[in-house]
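*Asks:*
Chains as they are written, first to last, in the numbering used here: chain A, -1 to 260; chain B, 25 to 288.
(1) Please compile the residues from chain B whose C-beta is within a distance smaller than 7 Å of the C-beta of residue 104 of chain A.
(2) Give a yes or no on whether the C-beta atoms belonging to residue 246 of chain B and residue 92 of chain B are separated by under 8 Å.
(3) Residues of chain A with a CB under 9 Å from the CB of residue 226 of chain B: which are they?
(4) By Cβ distance below 8 Å, which residues in the same chain neighbour residue 60 of chain B in space, the five residues on each side in sequence not counted?
(5) Looking only at its own chain, which residues have a Cβ that is under 8 Å from the Cβ of residue 271 of chain B, when we skip the five neighbours before and after it?
(6) Kindly say whether residue 66 of chain B, judged by its beta-carbon, lies nearer than 8 Å to any beta-carbon of chain A.
(7) Is the Cβ-Cβ distance between residue 23 of chain A and residue 124 of chain B less than 8 Å?
(8) Under 8 Å between beta-carbons, which chain A residues line up against residue 215 of chain B? List them in chain order, please.
(9) May I ask you to report which of helix, strand or coil DSSP gives residue 130 of chain A?
(10) Helix, strand or coil for residue 81 of chain B? Go by DSSP, reduced to three states.
(11) Considering only residues of the same chain and omitting the five flanking positions on each side of residue 145 of chain A, which have a CB-CB separation below 8 Å?
(12) Please report the residue range of the alpha helix (DSSP H) in which residue 132 of chain B lies.
(13) Do residue 212 of chain B and residue 30 of chain A have their CB atoms nearer than 8 Å?
(14) Taking the beta carbon of residue 251 of chain B as the centre, do at least 16 other beta carbons fall within 10 Å, making it buried, or is it exposed?
(15) Compare the Cα-Cα distances from residue 291 of chain A to each of A/227, A/133 and A/123 and report the closest residue.
(16) Check residue 205 of chain B in the structure and name its three-state DSSP category.
(17) Count the other C-beta atoms from every protein chain shown that fall within 10 angstroms of the C-beta of residue 128 of chain B, then say buried if there are 16 or more, exposed otherwise.
(18) Does the beta carbon of residue 274 of chain B sit closer than 8 Å to a beta carbon anywhere in chain A?
(19) Going by beta carbon distance, what residues of the same chain come within less than 6 Å of residue 79 of chain A, once the five residues before and after it are set aside?
(20) So, with DSSP's three-state summary, where would you put residue 275 of chain B?
(21) Does residue 255 of chain A come out as helix, strand or coil in the three-state DSSP assignment?
(22) Specify, as a first and last residue, the run of the alpha helix (DSSP H) that residue 188 of chain B falls within.
(23) Contact check, residue 109 of chain B vs residue 142 of chain B under 8 Å by CB: the rounded distance?
(24) Any chance the region 160 to 169 of chain B sits against the region 228 to 244 of chain B, with 3 or more Cβ pairs inside 8 Å?
(25) For residue 260 of chain A and chain B, any beta-carbon pair shorter than 8 Å?
(26) Listed from N- to C-terminal order along the chain, which residues in the region 40 to 61 of chain A have their beta-carbon within a distance smaller than 7 Å of any beta-carbon of chain B?
(27) Taking residue 194 of chain A as the query, report the chain B residues whose CB atoms sit under 7 Å from its CB, ordered along the chain.
(28) Using the C-alpha atoms, what's the distance from residue 183 of chain B back to residue 35 of chain B?
(29) One question on the structure: do residue 164 of chain B and residue 41 of chain A come within less than 8 Å of each other, judged by their Cβ atoms?
(30) Chain D beta carbons: is any one of them nearer than 8 Å to that of residue 165 of chain A?
(31) Would residue 64 of chain A be called buried (16 or more neighbouring beta carbons within 10 Å of its own) or exposed?
(32) Measure from the alpha carbon of residue 95 of chain B to the alpha carbon of each residue in B/75, B/178 and B/138, then state which is nearest.
(33) Please confirm if the region 242 to 251 of chain A is in contact with the region 204 to 222 of chain A, defined as three or more CB-CB distances below 8 Å between the two stretches.
(34) In chain order, what residues of the region 148 to 172 of chain A put their CB closer than 7 Å to some CB of chain B?
(35) Compare the C-beta of residue 187 of chain A against all C-beta atoms of chain B and say whether one is closer than 8 Å.
(36) So is residue 73 of chain B in contact with chain A if we call contact Cβ pairs under 8 Å?
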């Protein structure tokens, strides 16, 4: 299995390098969104308004947001739905690797290349803002632990929703809504720590927090040990739950799958 | 003037075709409307989150910013209605060799590639933007007047022309850089239009006013309605728009002359 994944990663790295121009522009955009939000919050905070985050925390949050949102991004839902609906899944069923392996390879392979483009840009911006990133190695270690978990939750969630195409004609609308609402609830625009306190309980148990916000909170948010344990438990829990959903959906989905021309 | 008559007639035909097409996919209209409403709600919520901590950001009250969000929604919908379906197709024409066919038509090729398609499903989003604008405007105690509304519309018109020209200049580069996502880049820039330019400082504000002129599309129209705009800016906007349109045309003609077709 690991060798299969690695082969798919290598294949996708080569594919990605073909389109390097496009990737430079995409990475500029990945950075631009968080930067705009950052500038707005810095304007607010310089007015002397008391905010839950100080200047350094905002800079850390939004700088790393661009990196984390790239590393936890998924784009397979729409492709998967189209593959199922148009019957292109059939050849995959004959191959020795499950379909999900190719998608994992595609996901990791593209991100490796994007990382090469994005890291220098983030570095430049960090120098420009004279960012003082957290120095506690424990925080970085926990961050490094929650990041792949976040990517897994996001990936599995997208995969499960895309798989609904086994039964539902049109899942694209659902995918769009998931992207919009999910981005908001994941802290893509406003850090979850700045939401009103009465929503905090709800925000902590919804899955999108664990796709993006949680790794950033681990690094910037001064979470108590209890809150850390609680967060990691939810993150692992969502991984397991979504993996189970994937297995069940594909088990019954493949029976329902009657590809055009198969 | 007489030379323009066939263009008007042609444009009416484009609109009629789009209407027929839209009638085929009525569900599309509902989906577009739903997505637009979700986007608008999230934009409003984002600002509500900012304004729970303060009553004013860079001199803008909450109601005033929500007016701007309404105008952003209108301009965004107009761009998606009239311009986006065309400009997002151009690099595809070049990749698939369909550009040759378009260049053979007996009308200006820039007209054809820029205005042929209309996405009428976006019309609903113009309406929701207008509703938000009027609601927030009343909360901001705007004294509505015909003159101010006309001035705001004129600013927004300059803004749309400028954005079109900037985007078109970017897209024209596809003759050389075939597979580069210029559309993503444009939308990345246009996203800044959902904030008043005064939220930004220094070089970025200057850039957003003159180089990538999103200020004309949303900030200045809102200020017109509030009666605090510098009227001379309208003249600046008009001149900038004309310069940008001419530049886009010159560059397009240059690119077409150097185009060596995908199939020959």
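Cβ coordinates follow ideal geometry from the N, Cα and C atoms, glycine included.
None of these values were measured; they are calculated from a predicted model.
*Replies:* Let me spell this out:
(1) None at all; the shortest Cβ gap to chain B is about 18 Å.
(2) yes
(3) The contacting residues do not exist; residue 226 of chain B stays about 10 Å from chain A at best.
(4) 97, 101, 146, 148, 149 and 152
(5) Here residue 271 of chain B has 189 and 193 as same chain residues with Cβ atoms under 8 Å from its own Cβ, once five neighbours each way along the sequence are excluded.
(6) yes
(7) no
(8) 30, 31 and 34
(9) coil
(10) strand
(11) The answer, listed in chain order, is 66, 69, 70 and 213.
(12) Premise fails: residue 132 of chain B is in no alpha helix (DSSP H) and is neither H nor E.
(13) yes
(14) exposed
(15) Beyond the ends of chain A as shown, which are -1 and 260, falls residue 291 of chain A; an answer cannot be given.
(16) Coil.
(17) exposed
(18) no
(19) 160, 163 and 169
(20) helix
(21) coil
(22) 170 to 196
(23) 7 Å
(24) no
(25) Low confidence applies here, because residue 260 of chain A scores a pLDDT of 46, under 50, leaving its location unreliable; read the following figure in that light. With 8 Å as the cut-off, residue 260 of chain A does not count as an interface residue toward chain B.
(26) 41, 42, 45, 47 and 49
(27) 76
(28) 21 Å
(29) no
(30) Looking for chain D here will not work: the only protein chains present are A and B.
(31) buried
(32) Closest by alpha carbon: B/178.
(33) Fewer than three Cβ pairs drawn from the region 242 to 251 of chain A and the region 204 to 222 of chain A lie within less than 8 Å of each other, which leaves the two stretches out of contact.
(34) 171
(35) Yes, residue 187 of chain A lies at the interface with chain B (some Cβ there is under 8 Å from its Cβ).
(36) Under the Cβ criterion of 8 Å, residue 73 of chain B is counted among the residues facing chain A.
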